[in-house]
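Peer 1: Numbering (the numbering used here), first residue to last: 830 to 1148.
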């Protein structure tokens, strides 16, 4: 029997129910049978009703519940609400955390192939504004900052060395060992899953790489990391200049490595829009998510693009 796929509704005040509906209608019957949605059953029904959507749903206790139909199988998380898209922050936070706790527990099961979570407002997880990447890394007891955020498209992937932190902290958080560790993890993942030796392009931190001055992060941290990685057989070039690499040079690489989140995600999303997924490496299980946010400005307008979630489901189902 093919392994199960865990899908997490995520933030209840979002377009997540819309993209789940749109994705569901694009999936094969065999894929539908493998999916278990962690959500609140009544909330999903009410949100579908509000959006004038119709999907046959069924409530199940766990992934071993003998439900093999093409109905959307929902594992229930308690949630009190009055309006389907206007749930308080405190209630939403508790719901999201409980959903992720359960998803983590189920994802450890040998009969689960992976976990997909829909978009979540990071303020629901922590006052420190951490993301799901860091939340699940902590659940998996991964050494701090050693998890890897990889934004993947079959033509190009990008990864930031630091993830959800303020710009003023980036310089103090990057290190030679952190760069080496994350790039080695990505290299092994590509070799294992795609049977290729990936080529990396790594960016500097500063404008124009701070002209490669002696006291720059480029000279003291990034160049030494590149040298050591090359000695261990990694195909890597850099430090590349951030403001020009995405004009054309990115086509020479499988992965572009940046020092901070928006340095690589902003140009990547400009190039590929919704045709990408967010993969977390270094966890005890496969975890992916759509590469977009909650889009609260278009809730109920039937404008949400489901492509990234469809890509997530198809990606996980092939493992």
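For every residue, glycine included, the Cβ atom is placed at its ideal position computed from N, Cα and C.
Can you tell me whether residue 837 is helix, strand or coil according to DSSP?
Peer 2: Here residue 837 sits in strand by DSSP.
Peer 1: Please report the straight-line C-alpha distance between residue 1129 and residue 903, rounded to a whole angstrom.
Peer 2: 22 angstroms
Peer 1: In the structure shown, what three-state DSSP assignment does residue 1047 receive?
Peer 2: helix
Peer 1: Starting from the Cα of residue 927, find the closest Cα among 1082, 869, 1106, 1068 and give me that residue.
Peer 2: 869
Peer 1: Identify, in the order they occur along the chain, each residue of the same chain with its Cβ nearer than 8 angstroms to the Cβ of residue 1105, setting aside the five sequence neighbours on each side.
Peer 2: 980, 981, 982, 1097, 1098, 1120, 1137, 1140
Peer 1: Across which residues does DSSP place residue 1087 in a beta bridge pair?
Peer 2: 989
Peer 1: Pull up the distance between the alpha-carbon of residue 881 and that of residue 964, whole angstroms please.
Peer 2: 34 angstroms
Peer 1: I believe residue 935 touches residue 990 by the beta-carbon criterion, under 8 angstroms. Please report the beta-carbon distance rounded to the nearest angstrom.
Peer 2: Between residue 990 and residue 935 the Cβ distance is about 30 angstroms, and since that is not below 8 angstroms, they are no contact.
Peer 1: Could you please give the first and the last residue of the uninterrupted beta strand (DSSP E) stretch that includes residue 1068?
Peer 2: 1064-1069
Peer 1: Thinking just about the alpha-carbon of each residue, which of 1092, 1061, 842 is nearest to the one in residue 1122?
Peer 2: Measuring C-alpha to C-alpha distances from residue 1122 to each of 1092, 1061, 842 identifies 842 as the nearest.
Peer 1: Please state whether the Cβ-Cβ distance between residue 1090 and residue 988 is less than 8 angstroms.
Peer 2: Taking 8 angstroms as the Cβ cut-off, residue 1090 and residue 988 do not qualify as a contacting pair.
Peer 1: Where does residue 1109 land, buried or exposed, given buried means 16+ other C-beta within 10 angstroms?
Peer 2: Around the beta carbon of residue 1109, 16 or more other beta carbons lie within 10 angstroms, which makes this residue buried.
Peer 1: Going by DSSP, which residues form a beta bridge with residue 1116?
Peer 2: Per DSSP, 944, 1109.
Peer 1: Within 10 angstroms of its Cβ, does residue 1115 collect 16 or more other Cβ (buried), or is it exposed?
Peer 2: Buried, because 16 or more other Cβ atoms sit within 10 Å of the Cβ of residue 1115.
Peer 1: Does chain C have any CB closer than 8 angstroms to the CB of residue 949?
Peer 2: The structure shown has no chain C; it contains just one protein chain.
Peer 1: Can you find at least 3 beta carbon pairs, one from the segment 1053-1066 and one from the segment 953-962, that sit closer than 8 angstroms?
Peer 2: no
Peer 1: Counting only the same chain and skipping the five closest in sequence on each side, list residues whose C-beta sits under 8 angstroms from that of residue 1064.
Peer 2: 1026, 1027, 1028, 1029.
Peer 1: For residue 888, I'd like the list of residues in its chain whose CB is within less than 7 angstroms of its CB, leaving aside the five on either flank, ordered along the chain.
Peer 2: 870, 903, 905
Peer 1: What is the DSSP secondary structure of residue 966, counted as helix, strand or coil?
Peer 2: helix
Peer 1: In the DSSP output, what is residue 1041 paired with across the bridge?
Peer 2: Beta-bridge pairing links residue 1041 to no other residue.
Peer 1: Looking at C-alpha atoms only, which residue of 1049, 865, 1039 is the closest neighbour of residue 1072?
Peer 2: 1039
Peer 1: Which residue from 850, 845, 831, 838 puts its Cα closest to that of residue 860?
Peer 2: 831
Peer 1: Residue 917 to residue 872, Cα distance in whole Å?
Peer 2: Spanning the two alpha carbons is a distance of roughly 14 angstroms.
Peer 1: Comparing C-alpha positions only, which one of 1012, 1032, 1102 sits nearest to residue 975?
Peer 2: 1012
Peer 1: Using a Cβ-Cβ cut-off of 8 angstroms (strictly less than) and excluding sequence neighbours within five positions of residue 1142, which residues of its own chain qualify?
Peer 2: 834, 836, 852, 856, 860, 864, 945
Peer 1: Where DSSP assigns a beta bridge to residue 868, which residues make up the other side?
Peer 2: Beta-bridge pairing by DSSP links residue 868 to 905.
Peer 1: In this structure, how does DSSP classify residue 1076 when only helix, strand and coil are distinguished?
Peer 2: coil
Peer 1: What is the residue span of the alpha helix (DSSP H) that residue 895 lies within?
Peer 2: Residue 895 -> no alpha helix (DSSP H), and no H or E assigned at all.
Peer 1: Please report the distance separating the alpha-carbon of residue 924 from that of residue 908.
Peer 2: 6 angstroms
Peer 1: Report the residue from 955, 977, 1046, 1031 whose alpha carbon sits nearest the alpha carbon of residue 1081.
Peer 2: 1031
Peer 1: Looking only at its own chain, which residues have a Cβ that is under 6 angstroms from the Cβ of residue 839, when we skip the five neighbours before and after it?
Peer 2: For residue 839, the CB contacts under 6 angstroms within the same chain, skipping 5 residues up- and downstream, are 845, 946, 947, 948, 949 in chain order.
Peer 1: Would you give the residue range spanned by the alpha helix (DSSP H) that residue 1023 belongs to?
Peer 2: 1005-1023
Peer 1: From the DSSP output, which residues share a beta bridge with residue 889?
Peer 2: In DSSP, residue 889 forms a bridge with 904.
Peer 1: Using a 10 Å radius around the Cβ and a threshold of 16 neighbouring Cβ atoms, would you call residue 1094 buried or exposed?
Peer 2: By the neighbour-count criterion, in which 16 or more other beta carbons inside 10 Å mark a residue as buried, residue 1094 falls on the buried side.
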